[in-house]
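Only one structure is covered here, and it is reproduced in the block below.
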Ligand code: ADP
Ligand code: ZN
Ligand code: ZN
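Residue numbers (my numbering): -18 to 729.
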């Protein structure tokens, strides 16, 4: 009798929900297999249709639903050892079912991109180049350099760039961004002994000598003391602390405890903008090795950091959303900073929520997790109410300064200047006169949200979306912020030819211009995606804001969190009314979080702060509750409203979204999906649709959706896992693009 067949179950990156069986031949690629067991979590190359793809081995077994002669052999085993520990492999398989997403794509999303493009899983070194130190310092090169490089202008240019880079040096990406054809000249400089090459470490070391220890306040101490004995077991601990109350100090103390026990720690943060400041605080306080992971890094750097965490070289990982999938063999504690933040939810492809997966990971590992926020999400508050999570409070600012006073400015019948009431402008003036700094917050980039013809009313609408195109004055262009389309701005109406084309409404660019004229002598700095696109420009603007050099800051939500501006005395929110009347069910929650977070920016240091909110509806109950009773009271009311409306977290929600280029294709597909759903018992679910999405046309596609609600998550999940694989078979699926969104962040 021949030996039993060895069969591998493989997750292949494709849009199908199942895994695929392959035979394990005696040799696979370069490897002789013999009797060695195959480790789940290693990569294999397989033929799939006419393609060769890299898949992940889920398990080895001896049985298949298919006859052995129908199975193809794997072409190559790429990894001798598993890349994903079983803990992560389990988490990802669970996530694929929970979010009803194809497993191969889930694994693909979780693995570093580097591993998709490189067979060899040994991390490549991150090379950097620096000027050769002279007597221990790179400043000491003298003037005969001029002589040496006289006839080599390219080398001279590179030498210059490296001089500017100083001790940090430059890596290949930096060179590519600055110049081209640099490699040959760089090599000559190395040969001349002027430049050295070194390896950039994937892991940061601590800088603990930089700062002395901090003594915890009583409140901080009590939280740390309460959680300290709970490190042996799973628990979700919510740190609900007002802005400036010192949540980060609590994180640091708890990290110290975990690290002292030999554990690894995972810290998730919402945005890359926050990472440098926060990373520095961790480096200064903790005696440990830190790996940072965010989307600003290239594939090689990210993989090096990921690898360092997987091999215990980094004890602490700080990263954005996808870092939740970092292998950490000794993981003992997880922190989710700003847990309410929407960026934890991936909005396309595998639509996971990193906060929720982190909680599950902590539960599976039986370790504690902390969720921190000044404005916890309604989901989290609901879990506290139902005693699934523990709550801890920091009610005072660490510096004992009071929170700033919040005041509403009634815009009704006031004279407005580019959307700003005269009373607001007066207050800005008085703050500037007293050497205070002002932050104006408006969630709209560009000069004006649209252009309109004064003669016939024609507007600049996007040809591909149900939306207007924003006017950007500096480049004299129209941009659609929904699909990215751009075109030159018209000087005449495209309908009637009139040259009276008006810019309607105001965005950050227009407000910046206006204020610069209105307050000559005060430096106005605009901080939004348009002004911070170039490398280093955000850092530059932030440092000028920090030093007080910029008197007025005009910014979008980029500025809402994480930044400490010591001179800031006035914060104003210009556009609240839009959110008060939005169709989005989370709009009120987001507005309340924004007001509370932005307010926390003012009056952090010596000078007392003030917050002004412009609105045409000062009597609105949301604003009244928030101002007079605070965020917690607001959240209680909002939770009751969600309960009454049957919305999360009271009930569980999923969307089947569909879009198509042809007018009816999306709708047709969803009608077929409804027919399929109605063929089984769905009495425990509420299914509505197909309905047009709030923005029916976007990027040239028609968008429809079906909404599913249930009191029981498991029923909804069971139904979706039955439904999804069959949706793929529907005839309408070929002409439309569809996706399932479990726990959607919005319904747009
Ligand atoms: P949060 O994250 O809650 O907004 P931070 O942790 O950033 O607050 O702390 C706000 C400020 O207070 C920081 O400048 C921090 O260094 C300082 N701070 C926090 N805790 C203490 C403490 N126990 N003693 C002195 N300063 C503290
Ligand atoms: Zn016109
Ligand atoms: Zn568009």
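For glycine and all other residues, C-beta sits at the position ideal for the given N, C-alpha and C. These numbers were taken from a predicted model, which means no experiment stands behind them.
*Check whether the Cβ atoms of residue 422 and residue 496 sit closer than 8 Å, and answer yes or no.*
no
*Buried or exposed: residue 591, going by 16 or more other Cβ atoms within 10 Å of its Cβ?*
Label assigned to residue 591: buried.
_Chain-ordered residues, beta carbon under 5 Å from a heavy atom of ligand 2_ = 434, 436, 437, 439, 474, 476, 477, 479
*By how many angstroms is the C-alpha of residue 4 removed from the C-alpha of residue 365?*
49 Å
_Of the residues 666, 403, 703, 236, the one placed nearest residue 694, counting alpha carbons only_ = 666
*What does a CB cutoff of less than 7 Å around residue 87 pick up in its chain, not counting 5 residues either side in sequence?*
73, 76, 77, 331
*Does DSSP put residue 539 in a helix, in a strand, or in coil?*
helix
*What do you reckon, is the C-beta of residue 216 under 7 Å from a heavy atom of ligand 1?*
no
*Ignore the nearest five residues each way along the sequence and tell me which others in residue 655's own chain have a CB closer than 8 Å to its CB.*
The residues are 668, 670, 671, 687.
*Look at residue 676 and residue 448 and say whether their C-beta atoms are less than 8 Å apart.*
Yes, Cβ-Cβ distance for residue 676 and residue 448 is below 8 Å.
*Does DSSP put residue 437 in a helix, a strand or coil?*
coil
_Local Cβ density within 10 Å of residue 139, reported as buried at 16 or more and exposed below that_ = buried
*Using a C-beta cutoff of 8 Å, does residue 312 count as contacting chain C?*
Looking for chain C here will not work: only one protein chain is present.
_ligand 1 and residue 197: does any heavy atom of the ligand fall closer than 7 Å to the residue's C-beta?_
yes
_Quick check: what's the CA-CA separation for residue 534 versus residue 501?_
14 Å
*Tell me, please, which residues DSSP counts as bridged to residue 247.*
298, 315
*Output the distance between the C-alpha atoms of residue 710 and residue 719, rounded to the nearest integer angstrom.*
12 Å
*Just mark residue -6 as buried or exposed, buried being the case when its beta carbon has 16 or more other beta carbons within 10 Å.*
buried
*asked:* Could you tell me which whole alpha helix (DSSP H) segments of length 4 or greater appear in the stretch 680 to 722?
replied: 694 to 708
*asked:* Here's the rule I'm using: 16 or more other beta-carbon atoms within 10 Å means buried, otherwise exposed. How should residue 105 be labelled?
replied: exposed
*Quick one: give me the first and last residue of the beta strand (DSSP E) that residue 453 is part of.*
451 to 453
*In angstroms with no decimal places, state the Cα-to-Cα distance between residue 158 and residue 230.*
37 Å
*Please go through the stretch 105 to 164 and give each complete alpha helix (DSSP H) segment of 4 or more residues, from N-terminal end onward.*
125 to 129, 134 to 146, 153 to 159
*At a cut-off of 7 Å, is residue 468 close to ligand 3 when judged by its beta-carbon and the heavy atoms of the ligand?*
no
*C-alpha distance - residue 170 paired with residue 142, whole-angstrom precision*: 13 Å
_Please tell me whether, using a cut-off of 7 Å, the distance from the CB of residue 463 to the nearest non-hydrogen atom of ligand 3 is below it._
yes
*According to DSSP, is residue 600 helix, strand or coil?*
Here DSSP, grouped into helix, strand and coil, assigns residue 600 to coil.
*asked:* In whole angstroms, give me the CA-to-CA distance for residue 227 and residue 589.
replied: 18 Å
*Grab me the residues of residue 327's own chain with a C-beta within less than 6 Å of its C-beta, minus the 5 sequence neighbours each way, in chain order.*
333
*Does the Cβ of residue 684 lie closer than 7 Å to at least one heavy atom of ligand 3?*
no
*ligand 5 heavy atoms versus the CB of residue 674: any closer than 7 Å?*
Looking at this structure, you won't find ligand 5 anywhere; what it does contain is ligand 1, ligand 2 and ligand 3.
*DSSP beta-bridge partners for residue 58?*
25
*asked:* When you compare the CB positions of residue 470 and residue 429, do they come within less than 8 Å of one another, or not?
replied: no
*asked:* Spatial neighbours of residue 579 within its chain, please: C-beta separation below 7 Å, excluding the five flanking residues on both sides.
replied: 422, 541, 552, 554
*asked:* For residue 408 and residue 224, what's the separation of their Cα atoms in angstroms?
replied: When rounded, the distance between both Cα atoms is 24 Å.
*Any chance you could list the beta strand (DSSP E) runs of at least 3 consecutive residues sitting entirely within the stretch 376 to 460, in chain order?*
386 to 391, 418 to 422, 431 to 434, 451 to 453, 458 to 460, all fully within the stretch 376 to 460.
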